[in-house]
Amino acid sequence: MATILAAGLSGCAPAINLEVAALANDPGCAEIIVRLPDRIGEAKKRTTNAQSTAAWGEPAAVLLRCGLEPVAASTLTCVSAAGIDWLVDDSAKPKYRFITFGTNPATEVIVDSEQMAGVTALEALAGAVQNIAASKRCTG
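Our numbering applies: residue -14 is where the sequence shown begins, and numbers increase by one.
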């Protein structure tokens, strides 16, 4: 109880529990993680408990995991934001899942669209995510 109270008084948000991806120890993920922004819009970066992950906002508006298996073909819609191709999974609306296309490993970004626009998050993350080059494109 004292620990919970102390955390509440200090204003520290608890770490966000995320599942580590299979390829999270890939050096490309380290290149992304060290370049992530401290803020996306008004959302501040938060602590996570898994390698090659990040989160922004309280409650979390954006979640990122690097180290997913590469995606080379998909029936999901493909969009481009800041020069990076993303597959869009809207099956859990209003939370949208974006997965880099043609990168090895892939990066996943989940955005709660009730808190932030997906394009805002993807453009803010592009400077970091571009550190894993795509071997193919899904947009023309």
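No residue lacks a Cβ here, since even glycine has one placed at the ideal position from N, Cα and C.
- Just measuring C-alpha positions, the residue of Leu21, Leu72 and Cys51 sitting nearest Thr60 is Leu72.
- In the DSSP assignment, Ile95 falls within the beta strand (DSSP E) that extends over Ala91 to Asp97.
- Under the 10 Å beta carbon count, Asp23 is surrounded by fewer than 16 other beta carbons and is classified as exposed.
- From the listed residues Pro(-1), Ala(-2) and Leu3, the smallest Cα separation to Val94 is found for Leu3.
- Nearest to Val56 by alpha-carbon distance, out of Ser65, Thr33, Lys29 and Phe86, is Phe86.
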